[in-house]
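Student: Numbering (our numbering), first residue to last: 954 to 1019.
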């Protein structure tokens, strides 16, 4: 979490750099504004699935790991 709540692009990229394949989130995903546009570009970060389809990002995903 960035300063206790939400996720920033920098923190997300750092976590992916450690080998994380995907991240789930909750309602605090919206606490840091820079992540909103990033959600459309980064399918490995999942927003809550019960949000409307027009909300940025994707609520479900299928990922292959080693």
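Don't be surprised by glycine CBs; every beta carbon is placed ideally from N, CA and C.
Looking at C-alpha atoms only, which residue of 975, 979, 980, 1003 is the closest neighbour of residue 1015?
Tutor: To locate residue 1015, count along the chain shown from 1; it is residue 62. Cα-wise, what sits closest to residue 1015 is 975.
Student: Within a Cβ cutoff of 6 Å, which residues of the same chain sit near residue 977, ignoring the five residues on either side of it in sequence?
Tutor: Sequence index remark: in the chain shown, residue 977 carries index 24 (1-based). Answer for residue 977: 999, listed in chain order.
Student: Which whole-angstrom value describes the C-beta separation of residue 959 and residue 985, a residue pair presumed to lie in contact below a C-beta threshold of 8 Å?
Tutor: Along the chain shown, read from residue 1 onward, the residue named residue 959 stands at position 6. Along the chain shown, read from residue 1 onward, the residue named residue 985 stands at position 32. So it is a contact: roughly 4 Å between Cβ atoms.
Student: Should residue 965 be labelled buried (16 or more other beta-carbon atoms within 10 Å of its own) or exposed?
Tutor: Within the chain shown, the letter at position 12 stands for residue 965. By the 10 Å Cβ count, residue 965 comes out buried.
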